[in-house]
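Taken in order, the sequence shown gives residues 37 to 292; the numbers are from the numbering used here. Written out below as C-alpha cells is the structure these notes cover.
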Amino acid sequence: MTPSPPLLELKQLSKRYGSFTALDGVTLSVDGGQVFGLLGPNGAGKTTLLRILATLLQPSAGTAAVAGLDVTRQPDAVRQCIGVVNGGMGLPARLTGREILHSFAGFYGLGRAQAEARIAELDAALDLGRTLNTRAGEYSTGMRQKVTIARAVIQDPAVLILDEAASGLDIFARRALLDWVAAARRPGRLTLYSTHVMSEVEEVCDRVAVLHGGRLLAEGTQPELLARTEAGTLEQAFFRLVEQDEAAQVGAAHAL
Ligand SMILES: Nc1ncnc2c1ncn2[C@@H]1O[C@H](COP(=O)(O)OP(=O)(O)OP(=O)(O)O)[C@@H](O)[C@H]1O
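Below is the structure:
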C-alpha cells in the first residue's frame with residue numbers, strides 16, 4: 037500500500053510584502069491524526085502562512101501543499117478540502133445560522149438531509165442553540181464565532197485551519213471548542229491551531245511549530261521542545277527559542 041502524503045507539506049515557503057520578508061524559507065511536513073499548534077509572537081508570520089494555505093495569498097517562493105494539492109496550482113481543489121476560521125470572516129447579516137450552514141453545505145455538495153444531520157451533530161458538539169434560528173446580524177461575538185466554526189467544519193474538512201478561533205468565546209463556548217478539537221483528532225484529518233494562548237496549545241496540540249520573524253525556529257512534540265530548550269514549561273521553551281533567535285540575528289548583523 038502506498039503511504040498517504042502528509043496533509044501539510046511546505047518547502048522553502050517564503051512570502052515578501054515589497055521588500056519585507058514575512059515568511060522566510062519555511063520547510064515543514066505534518067501528518068494527519070493530530071492537532072498541530074502554530075505559536076509565534078505578533079508579526080511572526082502565522083496569519084501569512086495560514087492565508088497562503090487557505091489560498092487567499094500567493095507565496096513569493098517555495099511551495100505549499102494541502103492534502104497533496106498545491107495551493108498555487110490547484111486552489112479550487114484545496115478550498116474543497118479545507119475549513120477556515122479567522123478573525124476577519126463576516127457572516128451574511130440577513131441569514132439565520134441554519135440558512136448559513138445549509139448554504140455552505142450546498143457549496144460542498146451535501147444533500148439537504150445530510151446537511152441537517154451534520155447541523156444536528158454540530159449543534160450537540162458546539163451548542164449552537166439559539167444561533168440556528170437567529171439572523172447573524174443579531175449575533176453576539178460568541179454566537180458569531182460558533183457559527184463561523186460550524187460553517188468551517190460542515191463538510192468535515194481534511195484540514196481545519198483555526199486562527200485564534202477561541203477569541204471572543206466565553207468559558208463555556210471555549211471549553212466546548214477545545215473539547216471538540218480534541219475529539220475531532222483522527223486519521224486522515226489535521227487541525228492547525230494558531231493562537232497566542234499558551235494553555236490552549238498545551239491542552240490540545242500534539243506537535244507545535246514556533247515561528248519568529250518568518251522563520252521556523254523549532255517543531256516537535258511538547259516534550260521534545262521542552263527537552264531541546266531545557267525548559268520546564270512550554271511558555272519558557274517559547275521564550276528561550278525566541279531569545280536565542282534574537283541573539284543569533286544580532287550576531288549575524290554584527291558579523292556583516
Ligand atoms: N499586506 C501586508 N503588507 C505589508 N506587510 C504585511 C502585510 N501583511 C502582513 N504584513 C507584515 O508581515 C508580518 C507578519 O504578519 P502576520 O500577520 O503574518 O503575523 P502574525 O504572526 O499572524 O501576527 P499576529 O499574532 O499579530 O496576528 C508583520 O510584520 C506584518 O506587519
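Ideal Cβ positions, reconstructed from N, Cα and C, are used throughout, including at glycine.
Where residue i sits in the DSSP three-state scheme
| i | result |
| --- | --- |
| Q191 | coil |
| H138 | helix |
| V266 | For clarity, residue 266 is Glu in the given sequence; the question names Val instead. Of the three classes helix, strand and coil, the one that applies to E266 here is coil, per DSSP. |
| S55 | coil |
| H248 | strand |
| Q48 | strand |
| S203 | coil |
| T257 | strand |
| S40 | coil |
| G69 | coil |
Cβ neighbour criterion (16 or more within 10 Å) applied to residue i
| i | result |
| --- | --- |
| I207 | exposed |
| A58 | buried |
| S176 | exposed |
| Q181 | buried |
| G126 | exposed |
| V233 | exposed |
| S230 | buried |
| P15 | Not covered by the structure: residue 15. The range shown for the chain is 37 to 292. |
| Q191 | buried |
Residue i and residue j closer than 8 Å at C-beta
| i | j | result |
| --- | --- | --- |
| R294 | Q70 | Here the chain comprises residues numbered 37 to 292, so residue 294 is not present and cannot be evaluated. |
| L44 | V107 | no |
| A202 | A161 | no |
Supposed contact pair residue j and residue i - C-beta distance, whole angstroms, cut 8 Å
| i | j | result |
| --- | --- | --- |
| I197 | I118 | 6 Å |
| V30 | L226 | Residue 30 lies beyond the stretch modelled for the chain, which goes from 37 to 292, so this question has no answer here. |
| R154 | L164 | Not quite, the Cβ-Cβ distance comes to about 11 Å (not below 8 Å), so this is no contact. |
| T184 | G133 | That pair is no contact at about 10 Å. |
Using the beta-carbon of each residue, find all residues closer than 6 Å to any heavy atom of ligand 1 and list them in chain order. Output, sorted by chain position: Y53, F56, A58, G76, N78, G79, A80, G81, K82, T83, T84.
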